[in-house]
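>
There are 2 protein chains.
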Amino acid sequence: MTFPDLFDEFRTAVLPGGASDPTLSNLESVARYTSAREGDAPFNGIGVDQIVFIAGGSTKLVAHVSQGREQVVAFHFRGDLVSVPASAAHAYTLCALEDCELVFFPADDFLQIAQQEPHLVITILERTLRSLARSREKSVALGRKTAEERLASFLVTMAERIGWSRDGAVELDLIMSRRDIGDSLGLTIETVSRQLSELRNACLIETSGRSRFRLLDLPSLHRRAGHLELAG
Amino acid sequence: MTFPDLFDEFRTAVLPGGASDPTLSNLESVARYTSAREGDAPFNGIGVDQIVFIAGGSTKLVAHVSQGREQVVAFHFRGDLVSVPASAAHAYTLCALEDCELVFFPADDFLQIAQQEPHLVITILERTLRSLARSREKSVALGRKTAEERLASFLVTMAERIGWSRDGAVELDLIMSRRDIGDSLGLTIETVSRQLSELRNACLIETSGRSRFRLLDLPSLHRRAGHLELAG
DNA sequence: CGTCACCTTGACGAGTCTCAAGTTGTGTGG
DNA sequence: CCACACAACTTGAGACTCGTCAAGGTGACG
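Those sequence lines, one after another, are chains A and B. Taking the working numbering, the leading residue of the first sequence gets -10, the next gets one more, and so forth. Taking the working numbering, the leading residue of the second sequence gets -10, the next gets one more, and so forth.
So, in structure tokens, the structure goes:
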């Protein structure tokens, strides 16, 4: 994909309502793009907060606690917008789960330009609020849930984001490794594996290969996730 | 405090640059206010997402997992802005830690009006990004840190938000109970208590009464928190 | 000054981690 | 297309952190 194509991808996904020409050309002038191979961390040591649009592929945002200890703070898929901080109490790295096409902006420049276009800021704000809501849900899972609840919660949440229906079940492709899942749920790969086996034995899920999952009983999974019972 | 005073409080805190008169009067017309007593949960069952400004006092945002299990997702102090979701995978409650003065808006109306004032949206966005950053840091703590690290992390973070310097140490008043701290850190009150005793024995903190803390050695606390060493 | 909720401390047990061994899937080269 | 090699995953046994239960302390009120 060429740069203009990628910027277009960003424009139509983030600005479906359109924007004024000068704003667009300003944005395009500060936009950069990169394609990342699986495992790449294109923003390591870049020094400024970035706003990154996932034009293709999928990524994880990882916090490094100490050698060997990592926490996956979020996963992202095509069409998502990520705020990648330069620094905080911990170092963060955006890392490609598969080959990716990324459009990115220095956050400062982006917000500066966005001031001209309330529409755009509102869209970003709405997406940021959704990220915040997901991050809070993650805190709940990490702080107060058992391994089984975390796994069930993870599966139904991912199903909502990237799953599809087939034969009355929901299927999804979990491209991330067991280690990534563990690092996202605050568990070890062994515990992840054991809990998946539990769910398989309970006939709540089927797996084929390493990444293909079939969720056979969403209501039960929601219950095991400790989620609110939805009326109706 | 009267309503106009409270709205003024909001205006000067959130809109230091000012805003156009029509926007302000529109905002004022959808703004509501309430004073909450300690322990009150003024937004329970209100049914719509709210944007809440803490004009006075302090609050916690709590997710209810199951009877007896709660997760405090964030604490808020005077001048903070909170997004209170109506519903998600879990029920959330904003709860007063002490007597509070709150200004609040239905999120939809607020964003609708804010479209007229890019300045305002940018401010809200910046605050939301800070909330997101804090929420991510909390995920890191909950997912990959020991009890001791969580406590140290909590203390230095709170010190940055509400602490003051005195005699070469940082003091702060932790108005929330040990239970609140535990529910925030994914620990029990007993573990919180034990870890505080550890930190006392290590001469890293002093406490007087239930809520007054003195942090005697910030660098060591940062180290125990597993935080990044800051150059310089 | 007394009362009560809140906090502290101790002993024990459950859930998850660690370490280790075996199995399965995936990708590569013949 | 098959066989091989390696990484990823699964499963098991024992250790450790933190939770649970229980019994005192302590500080903040009236």
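We put the beta carbon where it would ideally sit given N, CA and C, even for glycine. Computed from a predicted structure; not experimentally measured.
Could you check where the alpha helix (DSSP H) with Thr112 (chain A) kicks off and where it finishes?
Where Thr112 (chain A) is concerned, the enclosing alpha helix (DSSP H) stretches over Pro107 to Arg133.
> Can you tell me whether Ala2 (chain B) is helix, strand or coil according to DSSP?
Ala2 (chain B) falls in the helix class under three-state DSSP.
> Which residue from B:Leu91, B:Val51, B:Tyr81 and B:Ser76 puts its Cα closest to that of Arg67 (chain B)?
Checked all of B:Leu91, B:Val51, B:Tyr81 and B:Ser76; the closest Cα to Arg67 (chain B) is B:Leu91.
> The alpha helix (DSSP H) that contains Gly45 (chain B), what's its start and end?
That residue, Gly45 (chain B), is in no alpha helix (DSSP H); its beta strand (DSSP E) goes Gln39 to Gly45.
> Could you tell me whether any Cβ in chain A is nearer than 7 Å to the Cβ of Ser166 (chain B)?
No, its Cβ sits nowhere closer than 7 Å to a Cβ of chain A.
> Looking at the structure shown, is Ser166 (chain A) part of a helix, part of a strand, or coil, going by DSSP?
Reduced to three states, the DSSP call for Ser166 (chain A) is coil.
> Pairing CB atoms from the region 38 to 50 of chain A with CB atoms from the region 139 to 147 of chain A, are three or more of them under 8 Å?
At 8 Å Cβ cutoff, the stretches do not touch.
> Less than 8 Å between the CB atoms is what I'm expecting for Leu50 (chain B) and Val73 (chain B), so what's the real figure, rounded?
Sure, about 7 Å apart at Cβ, within 8 Å.
> Closest Cβ-Cβ distance between Ser197 (chain A) and chain B: below 7 Å?
Not closer than 7 Å to any Cβ of chain B, the Cβ of Ser197 (chain A) fails to qualify, so no.
> Which residue wins for smallest C-alpha separation from Val181 (chain B), given the options B:Leu193, B:Ile194, B:Arg167 and B:Ala191?
The shortest C-alpha separation from Val181 (chain B) is found at B:Arg167.
> Listing by chain order, which chain B residues have their CB less than 8 Å from the CB of Ile111 (chain A)?
Correct list: Leu100, Ala103, Gln104 and Val110.
> Let me know the secondary structure DSSP gives Ala196 (chain B) once reduced to three states.
In the sequence on display, residue 196 (chain B) carries Thr and not Ala. DSSP places Thr196 (chain B) in strand when its eight states are reduced to three.
> So which of B:Arg203, B:Leu16, B:Thr177 and B:Gly171 has the shortest CA-CA distance to Phe93 (chain B)?
When each option's Cα is compared against that of Phe93 (chain B), the closest is B:Leu16.
> Count the CB pairs spanning the region 13 to 28 of chain A and the region 82 to 91 of chain A that are closer than 8 Å, and state whether there are at least three.
Judged by Cβ distances under 8 Å, the region 13 to 28 of chain A makes contact with the region 82 to 91 of chain A, as three or more pairs qualify.
> Since Leu204 (chain B) is in the alpha helix (DSSP H), which residue starts that stretch and which ends it?
Segment Arg201 to Leu204 is the beta strand (DSSP E) holding Leu204 (chain B); no alpha helix (DSSP H) there.
> Pair every Cβ in the region 153 to 168 of chain B with every Cβ in the region 112 to 121 of chain B, then say whether three or more of these pairs are closer than 8 Å.
At 8 Å Cβ cutoff, the stretches do not touch.
> Return the CA-CA distance between Ile151 (chain A) and Ala158 (chain A), expressed in angstroms with no decimal places.
Going from the Cα of Ile151 (chain A) to the Cα of Ala158 (chain A) covers about 14 Å.
> In its own chain, which residues sit with a C-beta less than 6 Å from the C-beta of Arg203 (chain B), not counting the 5 before and 5 after it?
These residues qualify, in order along the chain: Ala158, Glu160 and Glu195.
> Buried or exposed for Glu218 (chain A), going by 16 or more other Cβ atoms inside 10 Å?
Flag for Glu218 (chain A) reads exposed.
> At which residues does the alpha helix (DSSP H) containing Leu207 (chain B) begin and terminate?
Looking at the DSSP string, the run of the alpha helix (DSSP H) that includes Leu207 (chain B) is Leu207 to Arg213.
> Spell out a yes or no on whether the region 129 to 137 of chain B and the region 172 to 187 of chain B are touching, meaning 3 or more CB-CB pairs, one atom from each, closer than 8 Å.
Contact between the region 129 to 137 of chain B and the region 172 to 187 of chain B is present, because at least three Cβ pairs lie under 8 Å.
> Run through the region 132 to 160 of chain B for me and flag every whole beta strand (DSSP E) of 3 or more residues, listed as ranges in chain order.
Qualifying beta strand (DSSP E) stretches, in chain order: 153 to 155.
> Please report the distance separating the alpha-carbon of Gly221 (chain B) from that of Tyr81 (chain A).
Any answer about Gly221 (chain B) is weak, because its pLDDT of 47 lies below 50 and its placement is not dependable; what the coordinates show is given next. Rounded to the nearest angstrom, the two C-alpha atoms are 20 Å apart.
> Got a sec, what are the start and stop residues for the beta strand (DSSP E) Phe93 (chain A) sits in?
Residues Cys89 to Pro95.
> Would you check if the region 205 to 213 of chain A and the region 183 to 193 of chain A touch, i.e. whether three or more CB-CB distances between them fall below 8 Å?
At 8 Å Cβ cutoff, the stretches touch.
> Roughly how many whole angstroms lie between the Cα atoms of Asp206 (chain B) and Asn33 (chain A)?
Approximately 31 Å, taken between the alpha carbons.
> Go to Thr177 (chain A), then tell me how far its alpha helix (DSSP H) extends in each direction, as first and last residue.
Segment: none, Thr177 (chain A) is in no alpha helix (DSSP H) and carries neither H nor E.
> Just the Cα atoms here: how many angstroms apart are Ala52 (chain B) and Thr(-9) (chain A)?
Whole-angstrom Cα-Cα distance: 45 Å.
> Using DSSP with H/G/I as helix, E/B as strand and the rest coil, what is Thr12 (chain A)?
Thr12 (chain A): helix per DSSP, three-state reduction.
> Which two residues bound the contiguous beta strand (DSSP E) that contains Glu59 (chain A)?
Element bounds for Glu59 (chain A): Arg58 to Phe66.
> For Thr23 (chain B), which beta-bridge partners are listed by DSSP?
DSSP output for Thr23 (chain B) lists B:Leu91 as bridge partner(s).
> How far does the beta strand (DSSP E) with Leu217 (chain A) in it extend, from its first residue to its last?
That residue, Leu217 (chain A), is in no beta strand (DSSP E); it is neither H nor E in DSSP.
> Just to make sure I have the definition right: I need the residues of chain A whose C-beta is within less than 9 Å of the C-beta of Gln56 (chain B). Which are they?
Here the premise fails: no neighbours, minimum Cβ distance about 11 Å.
> With distance defined between alpha-carbon atoms, name the residue in B:Ala75, B:Glu59 and B:Gly6 nearest to Ser128 (chain A).
For Ser128 (chain A), the nearest C-alpha among the options comes from B:Glu59.
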